[in-house]
Amino acid sequence: MDLQPEACDLAIIGAGITGAACAWYAARAGARVVVLDRGAVAGGTTGAGEGNLLVSDKEPGPELDLALLSTRLWRELAEESWFGASAEYEAKGGLVVASQPDGLAALEAFTETQRRAGVEAESVSASGLAELEPHLSPELAGGVYYPQDAQVQPARAAALLLRDAQRQGATLHTKTTVTALIRGSDGRRVEGVVTDRGTLRAPWVLNAAGTWGGEIARLADVHLPVLPRRGFVLVTEPLPRLIRHKVYAGEYVADVASSSAALQSSAVVEGTAAGPVLIGASRERVGFDRTFSLEVARLLAKQAIELFPALSQVKVMRSYLGFRPYMPDHLPAIGPDPRAPGLLHACGHEGAGIGLAPATGHLLAQVLTGKTPDLDLSPFRPERFEDGANA
Amino acid sequence: MKRNPLSLVKARPEPSFQVTFDGAPLDVLPGQTVAAALWSAGVTSWRTTRVEGRPRGVFCGIGVCFDCLVTVNGVPNQRACLLPANPGDEITTQRGDGHGAL
Chain R
39 MDLQPEACDL
49 AIIGAGITGA
59 ACAWYAARAG
69 ARVVVLDRGA
79 VAGGTTGAGE
89 GNLLVSDKEP
99 GPELDLALLS
109 TRLWRELAEE
119 SWFGASAEYE
129 AKGGLVVASQ
139 PDGLAALEAF
149 TETQRRAGVE
159 AESVSASGLA
169 ELEPHLSPEL
179 AGGVYYPQDA
189 QVQPARAAAL
199 LLRDAQRQGA
209 TLHTKTTVTA
219 LIRGSDGRRV
229 EGVVTDRGTL
239 RAPWVLNAAG
249 TWGGEIARLA
259 DVHLPVLPRR
269 GFVLVTEPLP
279 RLIRHKVYAG
289 EYVADVASSS
299 AALQSSAVVE
309 GTAAGPVLIG
319 ASRERVGFDR
329 TFSLEVARLL
339 AKQAIELFPA
349 LSQVKVMRSY
359 LGFRPYMPDH
369 LPAIGPDPRA
379 PGLLHACGHE
389 GAGIGLAPAT
399 GHLLAQVLTG
409 KTPDLDLSPF
419 RPERFEDGAN
429 A
Chain W
3 MKRNPLSLVK
13 ARPEPSFQVT
23 FDGAPLDVLP
33 GQTVAAALWS
43 AGVTSWRTTR
53 VEGRPRGVFC
63 GIGVCFDCLV
73 TVNGVPNQRA
83 CLLPANPGDE
93 ITTQRGDGHG
103 AL
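Heads up: the protein sequence lines correspond to chains R and W, in order.
Under the numbering used here, the first residue of the first sequence is numbered 39, with each subsequent residue one higher.
Under the numbering used here, the first residue of the second sequence is numbered 3, with each subsequent residue one higher.
So this is what it looks like as structure tokens:
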């Protein structure tokens, strides 16, 4: 259906988890919201994720603060009758393991800095690992249990948030591509969107286009360095409850923080409500190349079997891939863009976008309604790459 | 003469061999998949679903839907519609995910 003229306070570009969460929090705060996506709901990175809601992999700093806020908000959402079970929300906890004593010492030092920042973390001995995860390799040195880590089915979560936003008056237009932004007479202000199905005027336009957020920024003649960072996930045949938590090797933390374009891989292994086990997480900067990589699949499988030897008897049914929205300093862009008044950004969350979505939506709703955001947004300011210092 | 796929294409298959399904012997023609062998013997269900224990057999028949999963020689979750039957195969009904031992 073509766009009809309608009163709109906030036009959101992108119907992934971030756009959906922003729509839900803004609609709940009373804004008239229109969500636009050139494809389908959760058709981009959201639909290609694992649904990790992690605090465990984040070092103290602005991203961890965002994750801790999100953890609370996810728990609130999980209480909603229309959300929790349908979104396959599970507060299952994360278990980070180390294979060698020196790796365990490094992990425990890292954990101590997280504890001081408000993360709940319990050290687990080698024998304690077997109690938490009976199928874990007996050769591991130990680990840390993070009860705040949780899991959600990301495509369902995005769809449920959008549906409830619609119940609160929001409008959703899929298969609608934003081709330009309506600019004010000063040539800078953003006053709405031009799409292949008509135009829509709005005092606020939110760029929630994820990995493609740089393209939307370009429509406003501003620079936002969002790059794709490819990741594969392997999907096994359905299994009985084999793996109880999110389990990953301590090396994953270093991989996440790495800025190298080369392949990094460390197994993140988890069961799902439907039965298959998901095995991530590779990272490589190869543009938008969708080619299957046997090298990556083999590496992920090998690393998963090192953690869970029983998986060597299990078949992988398929794999999928996605493109995380990577920013050079690993922080998302959240907030108004002073270079183009009227334009807001909520993108560039890299591999943490599912987890960080509620906090992002909540904080932006506070900005839009003139409240002081619960967190200082200055580390996330979209124009921070302008001076080159962080680029 | 009874019309069946063999008569329609005037097939002259090699001699049949035996497999077992849940212990009972079945005759199989060379080249038949496990699904074709079971269907030829009048068996239309060889798996039960994980949650409700409902019967399942061939749905798409072309390897896409994963509905026809079966246990052959102790290995679960094989697609009966794609897997060629071999002499002496032990085909067994798969219960749920087939990984009861894990």
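The beta carbon of each residue, even a glycine, is placed where N, CA and C say it ideally should be.
To the nearest whole angstrom, what separates the beta carbons of residue i and residue j, a pair I think is in contact under 8 Å?
{"i": "Pro86(W)", "j": "Thr35(W)", "result": "6 Å"}
{"i": "Gly180(R)", "j": "Ala144(R)", "result": "Not confirmed; about 12 Å, so no contact."}
{"i": "Ala69(R)", "j": "Leu406(R)", "result": "6 Å"}
{"i": "Glu101(R)", "j": "Ala390(R)", "result": "7 Å"}
{"i": "Gly54(R)", "j": "Gly248(R)", "result": "5 Å"}
{"i": "Tyr184(R)", "j": "Val162(R)", "result": "With a Cβ gap of about 10 Å, Tyr184(R) and Val162(R) do not count as contacting."}
{"i": "Gly98(W)", "j": "Thr22(W)", "result": "Actually they do not touch by this definition, with Cβ atoms about 21 Å apart."}
{"i": "Val71(R)", "j": "Leu48(R)", "result": "5 Å"}
{"i": "Leu200(R)", "j": "Gly393(R)", "result": "No, Leu200(R) and Gly393(R) are not in contact; Cβ-Cβ is about 18 Å, not under 8 Å."}
{"i": "Trp242(R)", "j": "Leu382(R)", "result": "6 Å"}
{"i": "Val228(R)", "j": "Gly386(R)", "result": "In fact, because the Cβ distance is near 18 Å, the residues do not count as touching under 8 Å."}
{"i": "Leu413(R)", "j": "Leu104(R)", "result": "7 Å"}
{"i": "Leu345(R)", "j": "Leu115(R)", "result": "About 30 Å; that fails the 8 Å criterion."}
{"i": "Tyr358(R)", "j": "Val271(R)", "result": "6 Å"}
{"i": "Pro420(R)", "j": "Leu238(R)", "result": "With a Cβ gap of about 22 Å, Pro420(R) and Leu238(R) do not count as contacting."}
{"i": "Gly313(R)", "j": "Arg52(W)", "result": "6 Å"}
With C-beta atoms as the reference, is residue i less than 8 Å away from residue j?
{"i": "His283(R)", "j": "Leu106(R)", "result": "no"}
{"i": "Pro192(R)", "j": "Thr310(R)", "result": "no"}
{"i": "Phe418(R)", "j": "Leu369(R)", "result": "yes"}
{"i": "Glu275(R)", "j": "Lys353(R)", "result": "yes"}
{"i": "Val7(R)", "j": "Tyr286(R)", "result": "Absent from the model: residue 7(R). The displayed extent of chain R is 39 to 429, so no value can be given."}
{"i": "Asp187(R)", "j": "Gly132(R)", "result": "yes"}
{"i": "Leu244(R)", "j": "Val232(R)", "result": "no"}
{"i": "Thr209(R)", "j": "Arg235(R)", "result": "no"}
{"i": "Cys70(W)", "j": "Gly55(W)", "result": "no"}
{"i": "Gly52(R)", "j": "Ala292(R)", "result": "no"}
{"i": "Leu316(R)", "j": "Val273(R)", "result": "yes"}
{"i": "Ala125(R)", "j": "Arg194(R)", "result": "yes"}
{"i": "Tyr364(R)", "j": "Ala319(R)", "result": "no"}
{"i": "Ala196(R)", "j": "Ala80(R)", "result": "yes"}
{"i": "Arg328(R)", "j": "Leu265(R)", "result": "no"}
Does the Cβ of residue i have 16 or more other Cβ atoms within 10 Å, making it buried, or fewer, making it exposed?
{"i": "Arg37(R)", "result": "Within the shown structure, residues of chain R are numbered from 39 to 429, placing residue 37(R) beyond reach of any answer."}
{"i": "Arg267(R)", "result": "buried"}
{"i": "Val72(W)", "result": "buried"}
{"i": "Gln152(R)", "result": "buried"}
{"i": "Asp95(R)", "result": "buried"}
{"i": "Gly325(R)", "result": "exposed"}
{"i": "Arg279(R)", "result": "exposed"}
{"i": "Cys62(W)", "result": "exposed"}
{"i": "Ala378(R)", "result": "buried"}
{"i": "Gly156(R)", "result": "exposed"}
{"i": "Ser119(R)", "result": "exposed"}
{"i": "Arg81(W)", "result": "buried"}
{"i": "Ala395(R)", "result": "buried"}
{"i": "Asn90(R)", "result": "buried"}
{"i": "Pro115(W)", "result": "Outside the shown range of chain W, which is 3 to 104, sits residue 115(W), and nothing can be said about it."}
{"i": "Ser304(R)", "result": "buried"}
{"i": "Gln20(W)", "result": "exposed"}
{"i": "Asn428(R)", "result": "Low per-residue confidence applies at Asn428(R): pLDDT is 47, beneath 50, and the placement is therefore not dependable enough to give any value."}
{"i": "Asn6(W)", "result": "exposed"}
{"i": "Asp224(R)", "result": "exposed"}
{"i": "Ser108(R)", "result": "buried"}
Going along the chain, which unbroken runs of the beta strand (DSSP E) with 3 or more residues stay wholly within the stretch 289-335 of chain R?
-> 302-309 and 314-321
Three CB pairs or more closer than 8 Å across the stretch 60-80 of chain R and the stretch 396-416 of chain R | yes
Along the chain, which unbroken stretches of the beta strand (DSSP E) at least 3 residues long are found entirely within the stretch 260-293 of chain R?
-> 265-276 and 284-287
Can you find at least 3 beta carbon pairs, one from the stretch 30-44 of chain W and one from the stretch 79-96 of chain W, that sit closer than 8 Å?
-> yes
Beta strand (DSSP E) runs wholly inside the stretch 199-237 of chain R, at least 3 long, in chain order | 209-211, 216-221 and 228-233
Residue ranges of each beta strand (DSSP E) within the stretch 129-162 of chain R, 3 or longer | 132-136 and 160-162
Contiguous beta strand (DSSP E) assignments of at least 3 residues, all confined to the stretch 32-78 of chain W = 71-74
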